[in-house]
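The numbering used here applies: residue 23 is where the sequence shown begins, and numbers increase by one. Okay, structure first, notes after.
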Amino acid sequence: MRAVLIAVAEAPPKSFSGGGYWEAMHCDMSGWFEIRVDGPKKKEHFRLFCRLDYEAEGLDKPLLVIIDGRSKPIRTTLSDEDYAAVRKLGDEYFSRNPRPLA
Numbered sequence: 023m024r025a026v027l028i029a030v031a032e033a034p035p036k037s038f039s040g041g042g043y044w045e046a047m048h049c050d051m052s053g054w055f056e057i058r059v060d061g062p063k064k065k066e067h068f069r070l071f072c073r074l075d076y077e078a079e080g081l082d083k084p085l086l087v088i089i090d091g092r093s094k095p096i097r098t099t100l101s102d103e104d105y106a107a108v109r110k111l112g113d114e115y116f117s118r119n120p121r122p123l124a
């Protein structure tokens, strides 16, 4: 996941081609991106839910922000409640400016 984050952060915003590891999300998660990585035994998926922040005060470059991480067994989906919780964390992050950067 670290290698994907570094590659995305070093690329111009929204132009990174993630090869299945970095994907734009849709519908209720529009504006979100996820990093997808399989676990070591291919029985689990790990996800990082990210946003690009273009409006953080005092910064001249957009931020790649990791909002939340989740895992799930392979061939399953996260629940609507999981996605709602991720969106809520994102709303909390974006409600403050200057941004909480720690």
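Cβ atoms here follow ideal geometry from the backbone N, Cα and C, with glycine treated the same way.
- When C-alpha distances from residue 37 are compared across 55, 48, 49, 23, the shortest belongs to 55.
- Residue state for residue 103 is assigned as helix, using DSSP reduced to three classes.
- Beta-bridge analysis with DSSP links residue 95 to 66.
- Per DSSP, residue 32 has no beta-bridge partner at all.
- Closest in alpha carbon position to residue 48, among 28, 62, 71, is 71.
- By the neighbour-count definition (other C-beta atoms within 10 Å, threshold 16), residue 88 is an exposed residue.
- Non-local beta-carbon contacts of residue 93 in its own chain, meaning distances under 6 Å to residues more than five positions away in sequence, involve 66, 68 in chain order.
- Between residue 121 and residue 75 the beta-carbon gap is near 7 Å, inside 8 Å, which marks them as a contact.
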